[in-house]
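*Asks:* Sharing a structure, written as structure tokens. Questions coming.
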Amino acid sequence: MAPNHGTLSEALSDQALSDQAPVIIAARRSPIGTRGRTLAGLRVEDLAAPVIQAALRDAEKVSGSPITVADVVLGNCMGPGGNPGRIAALAAGLGHEVPGATVDRQCGSGLAAIVDAAAAIRAGDERIRVAGGVESPSTAPVRSVNGVAYDRAPFAPTGFSDPSMTQAAENLAALDGISRERQDAHAARSHARARAARDAGRFDAELVPLAGLKYDDAIGAAERLLPRLPELFPGGTLTAGTATRIGDGSAAVVIAPASYARSINAPGLAIRASAVVGCDPALPGIGAAGAIQAVLRSAGVELSDIDALEIVEAFAAQSLAVIDRIGIDEDDPRLSADGGALALGHPWGASGAVAVVRLFSRLVRSGAPAGTLGVAAASIGGGMGIAAVLEVVR
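Under my numbering, the first residue of the sequence shown is numbered 6, with each subsequent residue one higher.
Here it is as structure tokens:
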């Protein structure tokens, strides 16, 4: 489906934005390092602080003056606790007076943090905020009950279905009849697109190298093995290659009111609308579909009006189930055009923010005209989905 510009773009031009509309004026991320590898020695603040600093430098380069930050809001799922948002703000050298907060909406945490920070600006607080996400599975603390370690906290209470994310994706593949071959092809396409983007330098402007890692280390790693990998469950269809690699990483954006963005002539992404929805905890993978449908209604646009989509690929089966439900082709060039989490990796609490950084590169850095629309979305453990419609302003 070709995006439809014309009168829609005119109606949603940056001149139509209220002064209080939140606009992302800078966006950066770290490379994503597979859990236990290059970034394994970095704590959450070590992952987040350099990225926050880089995003602020980008914003200050456009503004021509130092930026005062009102708050830092970061998504994080697995700890170590103690409010990583505040710890990262201190580690970034923002000063004692800059507070911080941490959001846990599982795989949607990074996007939820951005939406939460934007809400304060939309409500009339004109101060600039930093938001994003960070995750360090490599340094996540061991959790226990009565001295017995457990892998994860429950996503649903007693009496509700609460499968692991891998089992839930397998169940979804069976329910929707998503074949092993289709999943392999989807993962291979993600790797191929990511490799092409890396080689063409399309990641360079957004990445902040850490610990000697310059690029996402999972790109291409499983691509050639896909047809030979064993199924994860007897009689199932998922493999290690069609489940995303868990990774360490972070992402951060700088959000300002539209009045400020205009005053410094900063291009960016206006946050037009956002939505969070619930779904059956037994099938958490479909949450992004409902969220996308809800946010399109809220923004008053159609899917055909969207030029770029970044939907977190936790599993190939889950990703395919979402795009089937929203009605786009799996090879649609608008969808994760430079590869998704299946190739880049999945730092849980940061992945939603990574999706926004990717949209910033695909739309703002690439020179897309004002009015161009993008969607960032993620399915969430426990049966939820989150999505946002973002619009290029210049």
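Using N, Cα and C, we set each Cβ at its ideal position, and we do this for glycine too.
Taking a contact to mean a Cβ-Cβ separation below 8 Å, would you say D222 touches A45 in this structure?
*Replies:* No. Outside cutoff.
*Asks:* Going by beta carbon distance, what residues of the same chain come within less than 6 Å of D63, once the five residues before and after it are set aside?
*Replies:* A31.
*Asks:* With three or more beta-carbon pairs closer than 8 Å as the criterion, would you say the region 72 to 88 touches the region 175 to 185?
*Replies:* Touching, no.
*Asks:* Which first and last residues belong to the alpha helix (DSSP H) in which A216 is found?
*Replies:* From DSSP, A216 is part of no alpha helix (DSSP H); its letter is neither H nor E.
*Asks:* Mind checking V139: buried by the 16 CB within 10 Å criterion, or exposed?
*Replies:* Buried, since its Cβ has 16 or more Cβ neighbours within 10 Å.
*Asks:* Can you tell me where the beta strand (DSSP E) holding R134 begins and where it ends?
*Replies:* From DSSP, the beta strand (DSSP E) with R134 extends over I133 to E140.
*Asks:* Going straight from the alpha carbon of A226 to that of V394, what length do you get?
*Replies:* Spanning the two alpha carbons is a distance of roughly 32 Å.
*Asks:* So A136 and I260 are in contact, right, with Cβ under 8 Å, and what is the actual spacing, rounded?
*Replies:* With 8 Å as the limit, A136 and I260 qualify as a contact, their Cβ atoms being about 6 Å apart.
*Asks:* So what's V300 in DSSP terms, helix, strand or just coil?
*Replies:* Reduced to three states, the DSSP call for V300 is helix.
*Asks:* Per DSSP, what kind of secondary structure is H101 in: helix, strand or coil?
*Replies:* In the structure shown, H101 sits in coil (DSSP, three-state: anything other than H, G, I, E or B).
*Asks:* Under three-state DSSP, which class holds I331?
*Replies:* Looking at I331 - three-state DSSP - the assignment turns out to be helix.
*Asks:* Is P262 helix, strand or coil by DSSP?
*Replies:* Here P262 sits in strand by DSSP.
*Asks:* Let me know if T12 comes out buried or exposed under the rule of 16 or more other beta-carbons within 10 Å of its beta-carbon.
*Replies:* Residue placement at T12 is flagged as unreliable, the pLDDT there being 33, under the threshold of 50; the coordinate-derived value follows with that caveat. Burial call: exposed.
*Asks:* Here's the rule I'm using: 16 or more other beta-carbon atoms within 10 Å means buried, otherwise exposed. How should Y155 be labelled?
*Replies:* So Y155 counts as exposed.
*Asks:* Identify which residue in Y220, A216 and R194 has its Cα closest to the Cα of D204.
*Replies:* The shortest C-alpha separation from D204 is found at Y220.
*Asks:* Compare the C-alpha of S143 against each of I331, E131 and D51 and name the closest.
*Replies:* It is D51 whose Cα lies nearest to the Cα of S143.
*Asks:* For L180, does the three-state DSSP call read helix, strand or coil?
*Replies:* DSSP places L180 in helix when its eight states are reduced to three.
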